[in-house]
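I have placed the structure first, in the form of structure tokens, so that the comments after it can refer back to it.
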Amino acid sequence: MAHDHLIEMLDLDAEVLSAYHRDLIAWAGREAGDRPHIVDLGAGSGTGSLALARELPGARVTAVDVSPEMLAHLRSRADATGLGGRITTVEADLDQPWPEFGEVDLIWASSSMHHMADPARALASAHAALRPGGVLLIAELESFPRFLTGTADEQVEAMVHTEADKMRHDAGLHMHENWGTRASQAGFTEVVERHFDIALEPPLPAAARRYAEVTLGRMRHRLEGRADLEALDRVVAGLSSRDDLSIRTERTVWLARR
Ligand SMILES: C[S@@+](CC[C@H](N)C(=O)[O-])C[C@H]1O[C@@H](n2cnc3c(N)ncnc32)[C@H](O)[C@@H]1O
């Protein structure tokens with residue numbers, strides 16, 4: 001289950017929540033100026049890099065990730081969609097001193113800042129990497145997607161999220177940070193915060209139902225040995241035939257200028 005399903009889950013998130021992703025890109029694109037050089041931090045499977053290159057035809061994207069597997073997936077999708085010429089991949093650990101990226105107009109950090117061991121140091125590196133007037137966008141999950149709201153299985157899903165939150169906390173991930181305050185402390189100005197309350201009602205399209213299966217399936221896998229999984233197993237086994245699934249997720253996005 002591990003990495004394959006993470007890649008599939010990230011790709012499905014971008015597909016299912018495409019309106020949200022397009023909204024962010026349009027916003028960042030307006031602020032970053034013409035023909036921007038964009039650095040995608042923790043680019044993962046490439047959802048941001050690919051959409052940025054597609055939606056902003058003048059953009060050049062440098063996709064950075066510590067995982068060669070993620071970058072290989074990103075590269076093959078970029079080439080398959082004809083965007084490869086404008087996307088460069090860089091394998092780097094962003095907890096270490098950053099590579100030289102050249103002049104950068106926009107730093108895009110979607111669900112990646114919370115992975116940084118030292119967020120203050122990462123933000124200082126982002127500030128140093130941007131040209132004066134350049135823009136930093138940080139997008140984070142306030143709440144992870146829920147698919148069973150209002151159904152008889154809502155409590156089973158709530159248990160899963162409680163356990164997953166504990167695991168993220170124990171792993172030292174920086175969830176629920178105020179990245180606007182942190183960006184100001186790192187020297188950024190004009191910080192703007194936007195909150196996105198996303199709700200997709202049933203019946204969901206096939207990709208969204210698959211997103212539910214992959215997300216809850218991954219969580220089931222990670223909870224092995226931590227909780228009573230009988231009810232969760234029953235829910236996961238029945239997901240593909242349900243027509244009452246919905247999606248609820250909250251995202252917070254900060255845009256700040258050097
Ligand atoms: C949750 S994924 C987000 C991927 C993508 N930005 C998106 O929104 O779909 C986080 C990514 O950050 C990468 N990552 C985590 N720690 C990192 C580090 N220290 N340096 C570089 N990349 C890192 C992981 O490999 C993973 O691909």
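Using the UniProt record's numbering, you'd call the opening residue of the sequence shown number 1 and step up by one each time. Glycine included, C-beta positions come from ideal geometry on N, C-alpha and C. Quantities reported herein were computed from a predicted structural model and do not represent experimental measurements.
Identified DSSP bridge partners for residue i
{"i": "THR189", "result": "ARG257"}
{"i": "ARG60", "result": "HIS37"}
{"i": "THR88", "result": "THR62"}
{"i": "GLU250", "result": "SER143, ASP197"}
{"i": "VAL104", "result": "LEU130"}
Residue i (DSSP reduced to helix, strand or coil)
{"i": "HIS195", "result": "strand"}
{"i": "LEU17", "result": "coil"}
{"i": "MET1", "result": "Interpretation of MET1 is limited by its pLDDT of 38, a score under 50 that renders its predicted location unreliable; the figure taken from the coordinates is listed afterwards. Reduced to three states, the DSSP call for MET1 is coil."}
{"i": "SER49", "result": "helix"}
{"i": "ALA109", "result": "strand"}
{"i": "PRO99", "result": "coil"}
{"i": "PRO68", "result": "helix"}
{"i": "ARG131", "result": "strand"}
{"i": "LEU94", "result": "coil"}
Alpha-carbon spacing of residue i relative to residue j, whole angstroms
{"i": "ALA80", "j": "ARG54", "result": "13 Å"}
{"i": "THR252", "j": "ASP105", "result": "22 Å"}
{"i": "ILE7", "j": "ALA43", "result": "11 Å"}
{"i": "LEU56", "j": "ASP233", "result": "43 Å"}
{"i": "ALA129", "j": "ARG75", "result": "23 Å"}
{"i": "ARG60", "j": "PRO36", "result": "6 Å"}
{"i": "GLU154", "j": "LEU245", "result": "11 Å"}
{"i": "MET219", "j": "ALA164", "result": "7 Å"}
{"i": "ARG242", "j": "ARG22", "result": "28 Å"}
{"i": "GLU250", "j": "VAL160", "result": "17 Å"}
{"i": "ASP95", "j": "LEU52", "result": "24 Å"}
{"i": "VAL16", "j": "SER240", "result": "16 Å"}
{"i": "LEU148", "j": "PRO202", "result": "10 Å"}
{"i": "ALA124", "j": "PRO97", "result": "11 Å"}
Item to check | Meets three-Cβ-pair contact criterion under 8 Å: the region 130–138 and the region 26–36 | outcome: yes
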